[in-house]
Each structure stands twice: as structure tokens, then as C-alpha cells.
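K.L.:
Positions -35 to -1, 1 to 456 (mature numbering (1 follows the signal peptide of the UniProt record, and there is no 0)) are the ones given, in order, by the sequence shown. Glycine included, C-beta positions come from ideal geometry on N, C-alpha and C. So that we are looking at the same thing, I have put the structure below in C-alpha cells.
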Amino acid sequence: MVPSKRLAPSRRLTGGSALVLAVLLSSTVSGAAFAQVQVQSLAPPDLFSTPAGETGLTGDLWKDASPGIARDVLPRLAAKPLSPASAALARRVLATGANAPAGIGDDPDLGAARAMALIALGDAKGADTVLDRVPGVASSSALSQAAAEAALIIGADDKACRIGEALSVERGAAYWLRLRAFCQVLGGQRDAAQLTLSLALQQAKDPDYARLMGAVISGTPAGAANLRNGINYALSRKLGLDPRAAAATASPALKPVLKPTGDVAVLAGGADLTAAQASDLAFLRQAKGLAAFTDAAQASLPSIAALARADAPLEDPVLLARAALAAGDLATARTIRGRLTGDTIPGATSTDMSLLDAALAAADGRKDSQILDGLIERGAQAGPKSPAQPAALILAALGGAMSPEARAQFASLDPGKSIASAARLTALDDAAAAHRQGEAALLALSVCAEAGTAGPGPVDRARLVRALLRAGLETDARALAVEGLLALQVK
């Protein structure tokens, strides 16, 4: 009889124990997989990934961008006024949905800075869209304030009140007391609103808010509307006040609520275009500085376009063409320029015509060597006080071949001095060369923010134009160039 082989206890495996082991192994694997899914699903959301609208930029916008530069620049974009072209660049970049620079995508303060900058740049609707998809707003006072301001500006007062009510931190801060008093009035709780108003004013004086709230609560004279912030605008709306009365002091965030007053239908129907032209020209000539000229141009654009379509006689065609460009209507500007074929142009010098042609070429994206060479020659002949010299520098930043003679003349020009930090401009050049689009845009915007509503001077502007073009932001480079060329002609 052959003795049977016996398994060591450690090697014995009954059918039942095999089943148990299989279940345990399966549970372990499933548990690990479930844990991995949990980790993935609980990863903090990226506060920059939701778009505020279509921008034409990709989800790689912030690829390899420096988190430190983002932390430095983003808060400035809500706090400092920008020129129109700089503001357009900031809106485009901030409205793009893209994963944030490493390490800051879940930072609520920077997410709020992005939203507040969008609001300050006139895109409250875009900020509202972004913040609607951000979780945890109620646990961040900064995110909640951005969400409430966006809601108030777009007229969603009840939504703003719900945001304030849901807030779980810093509920006693002055902003939230002001909002709570407003919401209590909406709810018919006037006595409570009066008490909350007193508490709010103890923390921070705000004469306009106090005046408007007093009018809502007790019927005291309201005075003029106020468009300094979302709450004051909401109070002005509730009181039925005309927002146009506050146009001169409106914050950039509230300017989009001001509607143009021109009667476009009347103009299109054949009204007195001569009177409309006289009114537009007076309005444009009174505007002081680039930002005011751009506002006047946008308000006058319907009648300027009607004049161009009607082929009406133009008293100052170059000024009207500049206004069309400033308002973003390249087609109307081209139409007006196309009619200027005589030797003498009303209200314009030959230098004015050269600067207009340069601005049109920049807006078109044309690298017109003839225009560039002519501008350089004019600048060299007229000397350093001529606007043709800085204009040539700006136009050259967009590229275009110069003739040998023009290159020699260009090298001798004296278009002014740089004001921006040399280190910052070097960092900008480096970011542009490496195609770090988001970083290049932020560095350019940091220079623009320091320059204010007039925008950078010609030397710094040309550097920014060249860098943005190299970084692949051609639309923004051209807009900055056109603005700079127009600024040389606006007093």
C-alpha cells in the first residue's frame, strides 16, 4: 500500500476557505479601487476651469505658468483701472476655462480674485456663470462676495440675498451687513433693516449707501443714483433712479448697465445726419484722454456708421474714422478712409493721415511695408516731437519688412523712454519665447495696470505688442497697437 501524500497545514486549502479567500481578495481589490475612485472624486475643483464665455483660447492657457506671478497679478486686475485694450485682454484671459497654474486651482481667494476682476472689467454675467459652478462658495467670504456682487449687477437681487444667507463665515463684516439690510427691506422687514443699517455704518461709513437705504426705509429724499458697487446699484434700481445720472462716477463694473442714448432707428430712417454729425464731433472733441474718447466713440458709433453708409459729407472724416476704430468698427473706419482721395482732407494733416493708415493696417493685421516705411520717413524728417516716431515703433512691433533706407532711419529715431520694470519686461520676453501664454498675458497686464487708463507709453507698449504676438496672442497684440496709435492722436 502506497502511503498517501499529506499536505502541510499551511498548504491545505478547503473549498470553503478558498471561497473565503477569494472573497477577501476581491474585497481588497474592490476596496482599493473604490478608494481610488473616492480620491479622484474628492479632488478639489479647479476654480479656473469653468469658462465665463467663448474666448478663442485653449485649455492650455496656464500651462507651465508661474503660480507666483498669478498670485501677484490677479488681485491687481480688480483693483486697478486698465485702458480699453488692456481690459479686453484681461477679460479674454480671465474668461477662458483652463486648469490654473500648479497649486492655485483650489485657492478660494484666487478664485474670488478671478471673479472680482471679471466683474470689475464689466463681465458680471460671466462671473455669475463661473461662480454658479463653484462648490463651497458659502464657506468663503471672498467667493460669496464676488457671487453676490455679480448677482446684484445682473439684477438677480433674490439670488444675492440667498448667497448672503447661506454664508457660514464672517457674517458680521460690513459688506454682509449692508447686503442683509437691503435684503431685509426686500422682505418687508423695515425695522430690522434699520437696525442692520446702523450696525453696518458703525463698521464703515458709506454716505451714498446710507442715503439710498434711508430713502428705501423711511422715504427720505433719494438724490441721484449711485453705480459705485452692486448694492448701491440695486438700491438705485429699487428707487427707480435714472442710472445715467451717475454715469460720470460709475465704476467700470457698472458701466455696461448704461445704455447708449442715441436713437439708432431714427438715424437709419434718414434723420438729420448733419445735426447728428455736429453732435458727435462736439462729443468726441470734448473727450479728454483715451478712455473718455473710447466711451464717446462707442456712444457715437451708431450715427457714425449711418453717416458712412449714407455717403454723407463729413466735416472731420479722420476724427470719425478714429472714433470708429476706437469703438471696434473696422468696416466703418475703412469705409470712411476709402473716401479720402483728395489732396486736402478736411480737418487733417498729412501726419494725421499717416497715423490713421497705420492704425488701420494694425487693426487689419496687414504688414504693409509701404505704410511702415512712410511713417518712419515722416518721423525722421519731423524730429523727435513728431507722433510719427513712436507710431513707427508701435507699428514695427507687429512685424513687416523695412527697406534698407527705412532701417537706417528707424535706428536713429528717438520715440521716448521706457517706464516699466526692466526685469518684468525681460520676464515677459522669456514667457513669450517659451509660449507660456497665460504667464505672458499676466506680465503684460501687470505693466498695463501700472500705466492706468491711458495704457503704457509707446516704448513699453511696443515691447508688449511684440511679446504678445510672439506668445500667440495676435488679436490682443493688434488691439494694443491700434489703441497706442490712437492714443498718439487723442489729447
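1. Taking the continuous alpha helix (DSSP H) assigned at R209, which residues delimit it?
2. Determine the direct distance from the alpha carbon of V447 to that of residue 458, and round the result to whole angstroms.
3. Helix, strand or coil for L(-15), going by three-state DSSP, please let me know.
4. What is the rounded straight-line gap between the Cα of A444 and the Cα of P73?
5. So, at 7 Å on beta carbons, what are the nonlocal neighbours of G179 in its own chain, with the 5 sequence-adjacent residues on each side left out?
6. Using 10 angstroms around the beta-carbon of E114, count the other beta-carbons present and answer buried if the total reaches 16, otherwise exposed.
7. Could you pull out every residue in the same chain whose Cβ sits closer than 6 Å to the Cβ of A252, ignoring the five residues on either side in sequence?
8. Closest to L407 by CA distance: which of V58, F375, A442, S14 is it?
9. N197 by DSSP, collapsed to three states: which one?
10. Can you give me the C-alpha to C-alpha distance between V(-7) and S133, rounded to a whole angstrom?
11. Of all the beta strand (DSSP E) runs that stay within the bounds of the segment 292 to 377, which reach a length of 3 or more residues?
12. Within a Cβ cutoff of 7 Å, which residues of the same chain sit near D338, ignoring the five residues on either side of it in sequence?
13. Any idea if G21 is buried or exposed, counting beta-carbon neighbours within 10 angstroms, 16 or more meaning buried?
14. Assuming S31 contacts E404 (C-beta within less than 8 Å), just tell me the rounded distance between them.
15. Along the chain, where does the alpha helix (DSSP H) that runs through P217 open and close?
16. By the 10 Å Cβ neighbour count, where 16 or more other Cβ atoms means buried, how is S351 classified, buried or exposed?
17. Considering only their Cβ atoms, is the gap separating A78 from L39 smaller than 8 Å?
18. Going by other Cβ atoms of all chains shown within 10 Å of its Cβ, with 16 needed for buried, is residue 487 buried or exposed?
19. Between A271 and L325, which are expected to be in contact by the criterion C-beta below 8 Å, what is the C-beta distance as a whole number of angstroms?
20. How big is the Cα-Cα spacing for R209 and L192?
21. Rounded to whole angstroms, what's the CA-CA distance from Q110 to S334? Just pull it up for me.
22. Tell me which residues share the same chain as A357 and place their Cβ nearer than 6 Å to its Cβ, disregarding the 5 neighbours each side in the sequence.
P.N.:
Taking the definition as stated:
1. R209 -> no alpha helix (DSSP H), and no H or E assigned at all.
2. Within the shown structure, residues of the chain are numbered from -35 to 456, placing residue 458 beyond reach of any answer.
3. Reliability fails at L(-15), whose pLDDT of 36 lies under 50, so the model's placement of it is uncertain and the value that follows must be treated cautiously. The answer is helix: DSSP assigns L(-15) an H, G or I state.
4. 32 Å
5. T185
6. buried
7. F258, A261
8. V58
9. helix
10. Unreliable placement is indicated for V(-7), whose pLDDT of 43 sits below 50; the coordinate value is still reported in the next sentence. Rounded to whole angstroms, V(-7) to S133 spans 39 Å at the Cα level.
11. none
12. M367, S368, A371
13. exposed
14. 6 Å
15. Neither: P217 is in no alpha helix (DSSP H) and is coded neither H nor E.
16. buried
17. yes
18. It is not possible to answer for residue 487, since the shown part of the chain is limited to -35 through 456.
19. Not a contact, Cβ separation roughly 20 Å.
20. 9 Å
21. 51 Å
22. L340, I341, G344
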